[in-house]
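**Q** In mature numbering (1 follows the signal peptide of the UniProt record, and there is no 0), the protein residues as written are -27 to -1, 1 to 75. Beta carbons: idealized from backbone N, C-alpha and C, even for Gly. Given the structure is predicted, the values throughout are model-derived calculations rather than measurements. Below is one structure. I have some questions about it.
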């Protein structure tokens, strides 16, 4: 019995579809500054734009990359943060949940 689509073609198509979905999911996983939770915590993707009047705990040099909550390597541009669930934050960013690394 001959199949209209070979197993090889099916598996290649499946792999390509999975890669496309993974790329889309990764792109969606980045936190948007306009997200309600991001706004509530004063998140900005560039710490230099943090509102020091509204968030007096902000200090120059504080950023997500040197926060105790940042789940990434020092060289990563994006990393996870439990304050924002599964979404990734910019290492250069900042929010009011910033805590000094031990």
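1. Let me confirm a value: residue 47 is counted as buried when at least 16 other C-beta atoms fall within 10 Å, else exposed. Which label applies?
2. Here's the rule I'm using: 16 or more other beta-carbon atoms within 10 Å means buried, otherwise exposed. How should residue 12 be labelled?
3. Using CA atoms only, rank isn't needed, just tell me which of 25, 26, 28, 51 is closest to residue 37.
4. Can you give the Cα-Cα distance for residue 68 and residue 14, rounded to whole angstroms?
5. Please state if the CB of residue 40 and the CB of residue 65 are separated by a distance shorter than 7 Å.
6. To the nearest angstrom, how far is it from the Cα of residue 23 to the Cα of residue 29?
7. Cα separation between residue 60 and residue 35?
8. For residue -2, name the three-state secondary structure that DSSP assigns.
9. Pull up the CB-CB distance for residue 63 and residue 32, whole angstroms please, since I reckon it's below 8 Å.
**A** Looking at the atomic coordinates:
1. Residue 47 is exposed by the Cβ-count criterion.
2. exposed
3. 51
4. Each residue's Cα considered, the two are about 6 Å apart.
5. no
6. Taking the CA atoms as reference points, residue 23 sits about 10 Å from residue 29.
7. Each residue's Cα considered, the two are about 20 Å apart.
8. In this predicted model, residue -2 has a pLDDT of only 48, less than 50, meaning its place in the structure is not dependable enough to derive any value.
9. Their Cβ separation, rounded to whole angstroms, is 18 Å, which puts residue 63 and residue 32 out of contact at 8 Å.
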